[in-house]
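Note sheet for the following structure.
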Amino acid sequence: MISRRRLLVTAAALPLALTAAGCTRSNGAPTAPGTRALPIPPLADSHVDGAGVRHFSLTAQAGHSEIKPGISTPTWGYNGSILGPTLRARRGETVSVTAVNTLPEPTSVHWHGMHVPAACDGGPHQMLAPGATWTPSWRIDQPAATLWYHPHPHGATEKHVYRGLAGLFYLDDELSDGLDLPRRYGLDDIPVIIADRRFTADGQLDETPSSSYGLLGDTLIVNGATPGHHDLPATRARLRLLNGSSSRVLELGFTDERGFALIATDGGLLPAPVPLHRIQLSPGERAEITVDLDPGSTTTLHAFPLTTRTGIDRPQRFGFDDSFDVLTLRATSTATTAPALPATLAAITPFAPELPVTRGFDLKWFMINGAKMDMNRIDLTVPTGATEIWSVRNLEDWPHNFHVHDVQFLLRAIDSAPPPPQLAGWKDTVYLEPARTYELAMRFTGPADPAHPYMYHCHLLRHEDAGMMGQFLILDPGQAPAFAPMAEHPMPMGDMGTGDTGTGDTGTHPHAGH
């Protein structure tokens, strides 16, 4: 303990993306009630300067959105009234994002899943005051993946995301370019941002917590609107799924129980497609799946009651019994036939199996290892270039998950057994079943920064806001921390849970008794 403190998009896809209702400002007469087309977030405009840097702009702003047909709801969004554009960049590019805050509250923009210098991470130490501008820049140095961005103000992340601040960040590379996968953005390569909301009688977002568990909605929204349909020009769809909920865990499949192929997890492509009928995603997790349809046929993606509920007390209070339609896919009668799915995708080199556990993390009572988040405390330091094994446990009968900034990890074991195939890819967020031990293998390549920490935390947002979070520095050999304490927290901390803030080292030891 140290106490202180990226683009290949067809011309046909652009009009679709740019005119999608629900992801842009709501202008003109509202849509009539009934099913409607899935809104597609627009691809973000960008330009490359003479030095080869790709520039994006994001403005956090307030507006009104037609989440439910015919009802105007006050929301927040990036470059529009709800959600944000999809940023897209290639491995090897340097990107620069000009982020502007026009909201009445301080906020931030975190690049979830991105390997990024700590000062550019967009966590709670890179706050944007109202009217302020922040311009982080970094080199994309990781494989093709579906990442996302969202606010990260400590104590207010749940509220800011709930109001609509979130967007996707696609990364491409040469390997993914060479694979015969659907890639026409908004046509057969479809972003699917899933979240839940509750509404007041007059159609406003209800921000009243259902419990200290967090904001659990009774209405599912997809890409910023209630579920609709998408017409496919081909017989195979690639769905890039994000669980952007505050608290809800999703179990996704198709109502006709057709199978699909999992091709990528949080951090990129799997070695080979994994055939599945259901996939579970906790808040913050992503998955890329492909599903095949016959020309002229229809199928519906659905959120089913959860089958994985071991150790959860009264699972219905966490929404585990709920059921929602997500998206109806309709293949046109002239849909082109898809080629065979590639048998191999991207190789993954595992970490040495004999590496011992480096650190242990126990999640309980809105704390990690008995300590609540303290913006002025560094919980652990990691040497540049280190490969570490983190052992993580959920010691409660509540759902939790675990997200680590900057790195992608491989799940080495669950209770000493190999993970199932759907969890064998690169991850930055993993669901924690109660009373089970998850071993996460990761490499910290740096760069070192003695002054700016990264976060690790539960990504159920109320839990994070309430203190289930810690911070770490990456240091070169012999480098001392240079972390300056803050005069005050940029946002008020959550007040749920019990326990002391703690002053001890909260992540440098294995679990007691292990």
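Residues -20 to -1, 1 to 494 in mature numbering (1 follows the signal peptide of the UniProt record, and there is no 0) are what the sequence shown spells out, letter by letter. Cβ coordinates follow ideal geometry from the N, Cα and C atoms, glycine included.
request  = Select from L391, Y411, A217 the residue whose C-alpha is nearest the C-alpha of P319.
outcome  = A217
message = In the DSSP assignment, the alpha helix (DSSP H) including T137 goes from what residue to what residue?
response = It spans 137 to 142 - the alpha helix (DSSP H) in which T137 sits, taken as one unbroken run.
request  = Work out the CA separation of Y434 and H95 for me, nearest whole Å.
outcome  = 11 Å
ask   = Under the rule that 16 or more other beta-carbon atoms within 10 Å means buried, what is A24, buried or exposed?
value = buried
ask   = Should V28 go down as buried or exposed, given a rule of 16 or more other Cβ atoms within 10 Å for buried?
value = By the Cβ-count criterion, V28 is exposed, with fewer than 16 other Cβ atoms from all chains shown falling within 10 Å of its own Cβ.
task = Would you tell me roughly how many angstroms separate the C-alpha atoms of D182 and G458, rounded to the nearest one?
result = 60 Å
message = With H, G and I counted as helix, E and B as strand and the rest as coil, what does DSSP make of A(-9)?
response = Residue placement at A(-9) cannot be trusted, given a pLDDT of 35 that sits under 50; what the coordinates show is reported in the next sentence. Residue state, collapsed to three classes: coil.
key: Cβ shell of P322 (< 8 Å), same chain only, five flanking positions each side left out   = Sequence-distant Cβ neighbours of P322 in its own chain, meaning closer than 8 Å and more than five residues away, are L159, D160, L161, P253.
query = Roughly how many angstroms separate the alpha carbons of Q122 and R71, rounded to a whole number?
reply = C-alpha separation (whole angstroms): 6 Å.
ask   = If you check the beta carbons only, do H383 and D408 fall under 8 Å apart?
value = yes
task = Could you tell me whether the Cβ atoms of N223 and L212 are closer together than 8 Å?
result = no
inquiry  = Which residues does DSSP list as the beta-bridge partners of Y193?
reply    = For Y193, which the question treats as bridged, DSSP gives no partner whatsoever.
key: Beta-carbon proximity check, S45 vs I62, cutoff 8 Å   = yes
request  = Could you name the residues of the same chain whose beta carbon sits closer than 7 Å to that of E444, not counting the 5 residues immediately before and after it, in chain order?
outcome  = Closer than 7 Å at the Cβ level, and outside the excluded window around E444, lie T137, H437, C438.
ask   = Count the other CB atoms within 10 Å of the CB of P22; is the residue buried (16 or more) or exposed (fewer)?
value = Classified as buried, P22 has 16 or more neighbouring CB atoms from the shown chains inside 10 Å of its CB.
ask   = Do S190 and P133 have their CB atoms nearer than 8 Å?
value = With respect to the 8 Å criterion, S190 and P133 are not classified as neighbours on the basis of their beta carbons.
inquiry  = Between D211 and the ligand FMN, is there a pair consisting of the residue's CB and a ligand heavy atom that are separated by less than 7 Å?
reply    = You won't find the ligand FMN in this model; it holds no ligand whatsoever.
query = Which residue's Cα is closest to the Cα of A332: S303, G299, L420, D152?
reply = L420
ask   = Would you call P330 buried or exposed, if buried means 16 or more other Cβ atoms sit within 10 Å of its Cβ?
value = exposed
ask   = Is it the case that the Cβ atoms of R266 and G233 are separated by a distance below 8 Å?
value = Between R266 and G233, the C-beta spacing is not below 8 Å.
Residues near D272 in its chain [Cβ-Cβ closer than 7 Å; skip 5 each side] = T215, R216, A318
ask   = Can we say the region 278 to 288 touches the region 139 to 152, given the rule of at least three CB pairs closer than 8 Å?
value = no
Complete alpha helix (DSSP H) runs within the region 352 to 380 (minimum length 4 residues, chain order) = none
ask   = Per DSSP, what kind of secondary structure is E468 in: helix, strand or coil?
value = Residue placement at E468 is poorly supported in this model, since its pLDDT is 45, which falls under 50; the coordinates are not used for a value here.
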